[in-house]
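Accompanying notes for the structure given below.
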Amino acid sequence: MQTAPNTQDRMRAILLIVATIGTIVFNGLAATGYVNGVTPELISAKYPTVLTPAGYAFSIWSLIYLGIIAFSIYQVLPRNIVRFRPVRSLYIATCVFNCAWIYFWHRDQIGVCLALIAGLLFTLIGMMILLRRAGGNPLLTTAPFGIYAGWVTAATLVNFTIFLKYIGAEISPTTWNALGVGILVIAAAAAFIVRWRLQNYIYPLAVAWAATAIAVKQSGNTPIVVAAAFCTVTCLVVAGSVVTSLKDSTSE
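In this text, residue positions in the sequence shown follow the numbering used here: the first is 1, and each later residue adds one.
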């Protein structure tokens, strides 16, 4: 049973909007070279790996930003002030993790970035769990954070391979390929688990987007392309199962 909203609820709802604006502005400054005089792409180019995606993959951030803007507005509506009370602290934490990752990435602190993006991922998963309990319009809750968490899942795994490059790990090309294949299988498994346990069919689509971009970038590396194709198909099948579920529910 929901209680009446109090002043603290309203203040946190407003703080969430401020956090969203701050995150988007900071990321915009970073993309144009105003954070330590570099861009994210310049740092990424220093550490090419078998899982480096094609550049177009990062355009997914436009959808992520639109999604979190929509959620930020939605959660501040009077009827939602109490509904999303448990979510706001975690959301603000995602903004902190996001901005901190950018800050340290632009300072080439890859180990710190790996820890931060892992923290961001676990926080997003926690948010998805709480949002499922809270209910509300899935287009403004399930969808935005499914895209966000799915992309960050892939980014976390890629960051791990970048970290290995960063520390100068002596890994043979064959082992790199085996590692890349294993990571793509893990990504597919994560998509399956999140789809069925959290009923979030958008999450696997974001993972599929990342896997496809990896296949495009690594087009000359057959093992990685095959593994990326497997991951993509698995994610699409898992996400597509929602259509079957909807048909079954409407026919009952």
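Beta carbons: idealized from backbone N, C-alpha and C, even for Gly.
Report the rounded CA-to-CA distance for residue i versus residue j, giving the unit in angstroms.
i: Arg306; j: Asp9; result: Outside the displayed range of the chain (1 to 252) lies residue 306, so it cannot be described from this structure.
i: Pro138; j: Ser172; result: 45 Å
i: Trp151; j: Pro144; result: 11 Å
i: Leu121; j: Thr153; result: 6 Å
i: Val238; j: Tyr201; result: 7 Å
i: Trp176; j: Ala155; result: 17 Å
i: Ala31; j: Leu236; result: 30 Å
i: Ala178; j: Gly111; result: 22 Å
Identify whether residue i lies in helix, strand or coil by the three-state DSSP scheme.
i: Val216; result: helix
i: Thr244; result: Note that Thr244 has pLDDT 48, beneath the 50 cutoff, so the model's placement of it is unreliable and no number is given.
i: Val35; result: strand
i: Thr232; result: helix
i: Glu41; result: helix
i: Asn80; result: helix
i: Leu51; result: coil
i: Ala169; result: coil
i: Ile69; result: helix
i: Thr3; result: coil
For the alpha helix (DSSP H) that residue i lies in, which residues bound it at each end?
i: Asp9; result: 7 to 31
i: Pro144; result: 142 to 166
i: Phe122; result: 110 to 134
i: Tyr91; result: 88 to 105
i: Phe192; result: 173 to 198
Quick test of your reading: residue i and residue j, contact by CB under 8 Å. State the CB separation rounded to the nearest angstrom.
i: Tyr148; j: Leu114; result: With a Cβ gap of about 18 Å, Tyr148 and Leu114 do not count as contacting.
i: Leu205; j: Ile92; result: The Cβ separation is near 26 Å, so there is no contact.
Is there contact here, the region 126 to 142 with the region 165 to 180, by at least three beta-carbon pairs under 8 Å? no
Quick check: the region 74 to 84 against the region 101 to 118, are at least 3 beta-carbon pairs closer than 8 Å? no
Taking three-plus beta-carbon pairs below 8 Å as touching, is the region 37 to 54 in contact with the region 179 to 190? yes
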